[in-house]
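K.L.:
Can you read through this structure? Questions will come right after.
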Amino acid sequence: MNKRRWVAVVIAIALLFFSVLSSTISRRNDNKKELSQVNELLYGSDEPQEKVEESGSSNKKIVKLVVEGTIVDDGTSGLFSSGGYNHESFMKQLAKIKKDSTVKGVLLEINSPGGSVYETAEITRALKELQKEKKIPIYASMESQAASGGYYIAANSDRIYATEDTMTGSIGVIMSSMNYSGLMEKLGITDATIKSGALKDIGSSSRPQTKEDKEVLQTFVDSMYGRFVKTVAEGRKMDEAQVRKLADGRIYDGAQAVENGLVDNIGYPDQALKALKKDKGLNDAKVVSYTSGSTNFMNTWLGNSLAELQGIKPSQEDLIRNIVESVGTPQAPKAMYLYGGE
């Protein structure tokens with residue numbers, strides 16, 4: 001055999017060995033404790049691990065939190081993240097901060113068009129708890145964009161920074177769907193849905209939308225919109241009426257956002273960090289970020305294949321399904337705090 005085939009054989013044997021090992025341990029341990037220990041040895045821990053960004057006092061820490069990408073829960077842990085925003089990992093980071101008495105400040109860096117309503121609200125709730133229960137100041141720094149849900153999670157920060165060219169705003173709720181009942185009619189296809197009530201298939205793509213459908217869905221979206229407006233009003237100390245004038249879904253650049261009271265200062269993340277240190281007396285603080293505790297094996301093809309075989313890492317099919325369920329489908333649309341231009 002040539003060299004390439006030998007390599008393939010070795011990989012196959014190794015994969016089989018690890019599969020048998022994991023299956024054997026799983027059968028012998030009902031509580032899965034030993035299997036968990038083996039998996040941690042192979043893949044690492046999905047608990048947040050500190051990474052020092054700037055040295056300083058160990059009794060004073062500023063944590064950099066990063067929200068990068070669309071805010072949805074794709075069902076993966078930090079170890080098996082597909083890249084971009086990972087909701088489970090981010091919530092673990094917030095929980096770690098809550099337990100760490102040495103954390104004296106948070107720099108929230110945001111580059112996101114927004115995302116799911118639930119996940120956005122969950123982040124905001126956790127951030128508020130850090131401010132109220134732990135008295136930890138939070139400075140938000142908007143990068144390329146912090147629109148809709150991206151702005152939502154920043155709204156209650158002690159100070160908000162954006163660059164002049166940051167795209168923000170898009171305050172509101174969107175529920176996107178398609179209706180192809182007209183096409184079905186042209187093709188001679190009829191909707192034969194049996195339902196217990198007139199609104200059981202509300203939002204259906206296969207029948208014309210009724211006036212009642214639209215009224216119910218609009219009321220549903222308006223309710224979420226009201227909570228968004230209230231969050232901004234409370235965070236920015238503005239009247240709700242004033243917020244509603246700004247919150248018609250339009251986008252603003254950073255300079256416009258400052259003029260309208262949605263952002264405090266023009267600046268980049270390093271400038272926001274510098275201001276946080278100065279304002280809160282944290283010039284000697286250590287600056288840290290969080291990473292997953294994955295091993296080198298985890299980042300190999302063999303490690304990924306074994307994790308999928310064990311069922312602890314979702315397959316590509318599972319990942320796609322989880323994302324679709326998070327954002328909704330034309331047949332089952334979901335309300336989103338998401339920039340509508342995406």
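So for the sequence shown, full-length UniProt numbering puts the first residue at 1; every next one is plus one. Backbone N, C-alpha and C fix where the C-beta goes; we use that ideal spot for every residue, glycine too. On a predicted model such as this, the values are computed, not experimentally measured, just so you know.
(1) Whether or not the stretch 271-280 and the stretch 100-111 are in contact is what I'm after, with contact meaning three or more pairs of Cβ atoms, one per stretch, closer than 8 Å; do they touch?
(2) Given a cut-off of 8 Å, decide if S58 and T124 are closer than it, judged by their beta-carbon atoms.
(3) With three or more C-beta pairs closer than 8 Å as the rule, is the stretch 248-258 touching the stretch 163-171?
(4) Using CA atoms only, rank isn't needed, just tell me which of P208, Y290, P333, K334 is closest to L94.
(5) If Y161 sits next to Y139, beta carbons under 8 Å apart, how far is it from one beta carbon to the other, in whole angstroms?
(6) Check this for me: beta carbons of Y151 and I171, under 8 Å apart or not?
(7) Rounded to the nearest angstrom, what separates L217 and D248 at their Cα positions?
(8) If I measure Cβ to Cβ from S141 and keep anything under 6 Å in the same chain, skipping five residues before and after, which residues do I get?
(9) So V288 and E53 are in contact, right, with Cβ under 8 Å, and what is the actual spacing, rounded?
(10) For my contact list, K230 and E240 are in at a C-beta cut-off of 8 Å; report their separation, rounded to the angstrom.
(11) Within the continuous alpha helix (DSSP H) that includes R159, where are the two ends?
(12) How far does the alpha helix (DSSP H) with G281 in it extend, from its first residue to its last?
(13) Is the separation between the beta-carbon of M184 and that of S206 shorter than 8 Å?
(14) Can you tell which of N283, V263, P333 has the C-alpha that lies nearest to the C-alpha of E143?
P.N.:
Looking at the atomic coordinates:
(1) Contact between the stretch 100-111 and the stretch 271-280 is present: 3 or more CB-CB pairs across the two stretches fall below 8 Å.
(2) Counted from its first residue, the sequence shown places residue 124 at position 124. Counted from its first residue, the sequence shown places residue 58 at position 58. Contact flag unset, no.
(3) When Cβ pairs closer than 8 Å are counted between the two stretches, the stretch 163-171 is seen to touch the stretch 248-258, the count reaching three or more.
(4) As a position in the sequence shown, residue 94 is number 94, starting the count at 1. Of the listed residues, the one whose Cα sits closest to L94 is Y290.
(5) Counted from its first residue, the sequence shown places residue 161 at position 161. Counted from its first residue, the sequence shown places residue 139 at position 139. At roughly 7 Å, the Cβ-Cβ gap stays under 8 Å, so Y161 and Y139 are in contact.
(6) For the purposes of this step, residue 151 is taken as the residue at position 151 of the sequence shown. For the purposes of this step, residue 171 is taken as the residue at position 171 of the sequence shown. Cβ distance < 8 Å, so Y151 and I171 count as in contact.
(7) As a working mapping, residue 217 is identified with position 217 in the sequence shown. As a working mapping, residue 248 is identified with position 248 in the sequence shown. In a straight line, the C-alpha of L217 is about 18 Å away from that of D248.
(8) Locating residue 141 in the sequence shown gives position 141, where the first residue counts as 1. So the qualifying residues of the chain are E109, Y161, P269, A272.
(9) Walking along the sequence shown from the start, residue 288 turns up at place 288. Walking along the sequence shown from the start, residue 53 turns up at place 53. Between E53 and V288 the Cβ distance is about 6 Å, and since that is below 8 Å, they are a contact.
(10) One-based indexing of the sequence shown puts residue 230 at position 230. One-based indexing of the sequence shown puts residue 240 at position 240. The Cβ separation is near 6 Å, so the contact holds.
(11) As a first step, residue 159 is located in the sequence shown; it is residue number 159 there, counting from the start. Boundaries for R159: no alpha helix (DSSP H) harbours it, while the beta strand (DSSP E) harbouring it runs 159-162, taken from the DSSP string.
(12) Residue numbering aside, residue 281 sits at position 281 when the sequence shown is read from its first letter. From DSSP, G281 is part of no alpha helix (DSSP H); its letter is neither H nor E.
(13) The residue you call residue 184 lines up with position 184 of the sequence shown. The residue you call residue 206 lines up with position 206 of the sequence shown. Contact: yes.
(14) Sequence index remark: in the sequence shown, residue 143 carries index 143 (1-based). The shortest Cα separation from E143 among N283, V263, P333 belongs to V263.
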